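J.: Read in order, the letters of the sequence shown are residues 1 to 177 in the UniProt record's numbering. Think of the CB as a built atom: it goes at the ideal place given N, C-alpha and C, for glycine as much as any other residue. Source: prediction; values computed, not measured.
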Amino acid sequence: MVLAALQGNVEVTRYLLDHGGDPAMPDERGSTPLHNAAAAGHCEAVRLLLSKGVNLDPIHYQGTRLHLAAVEDQDQVVMVLLEHGADPNKDVHHVFSYLMMTVCGKSLKCMRQLIETGADVNACDYSGPTPFTEAVADGLTDFVKVLLDAGANPNIPNQVALFVLRVVILTPLSPHV
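If you want it as structure tokens, here you go:
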């Protein structure tokens, strides 16, 4: 079922579910059908698996289903997961925040969706930086603007005690900021 979900093959996934397949059964790496469908952007497969009561929150080495959809720029899947109760502020200790994943995946659409559903723009990651700090460091002007417009605090120190404003000075950005 993991492979069928990864490929977005809803017919095979449904057939396996109807014949006793376990929608929460992980593969050898810990990926479940929902992890794979979310990362690959297969909304119909995601909806099918969620309709069978699959838990949104199990974590594997890459995080939750929402982490995978956010870093892979799967904005439609992000919306489906949020509509089904995924918490945009869930604290997962060993994995970047959902907003940080949107910066890593360069997914402005997913970032906006998470902010619209209440994601904390000032939440520090497990290693210290905020999404704003990372967006500045990566020179992602549009992300910086969205985060500031949403209330991001540019004065939160990062993990090495440099203030974001110092990073701005040291990091060349587009002249449009």
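1) For Leu82, collect the residues of the same chain with a Cβ closer than 7 Å to its Cβ; drop the 5 residues on either side in sequence, then sort them by chain order.
2) Any idea if His35 is buried or exposed, counting beta-carbon neighbours within 10 angstroms, 16 or more meaning buried?
3) Given this structure, state the Cα-to-Cα distance separating Ala37 from Gly105, to the nearest angstrom.
4) Start and end of the alpha helix (DSSP H) containing Phe143?
5) Roughly how many angstroms lie between the CA atoms of Leu56 and Thr64, to the nearest whole one?
6) How would you write the range of the alpha helix (DSSP H) that Ser51 sits in, first residue to last?
7) Bridge partners of His60, per DSSP?
8) What separation, rounded to the nearest whole angstrom, lies between the Cα atoms of Leu147 and Pro154?
9) Helix, strand or coil: which one does DSSP assign to Ala161?
10) Report the three-state DSSP secondary structure of Val54 (helix, strand or coil).
11) Based on Cα-Cα distance, which residue from Met111, Leu17 and Asp91 lies nearest to residue 184?
12) Buried or exposed: Leu66, going by 16 or more other Cβ atoms within 10 Å of its Cβ?
13) Specify the secondary structure class of Met111 as computed by DSSP and reduced to three states.
14) Select from Thr102, Asn9 and Gln62 the residue whose C-alpha is nearest the C-alpha of Arg47.
T.: Taking the definition as stated:
1) Pro88, Gln113 and Thr117
2) Under the 10 Å beta carbon count, His35 is surrounded by 16 or more other beta carbons and is classified as buried.
3) 17 Å
4) Thr141 to Asp149
5) 7 Å
6) Cys43 to Ser51
7) For His60, the pairing in a beta bridge is given by DSSP as Gly63.
8) 9 Å
9) For Ala161, the predicted model reports a pLDDT of 41, less than 50, meaning its position is unreliable; a value from the coordinates is still stated below. DSSP places Ala161 in coil when its eight states are reduced to three.
10) coil
11) The chain is shown only over 1 to 177; residue 184 falls outside these bounds and no answer can be derived.
12) buried
13) helix
14) Asn9
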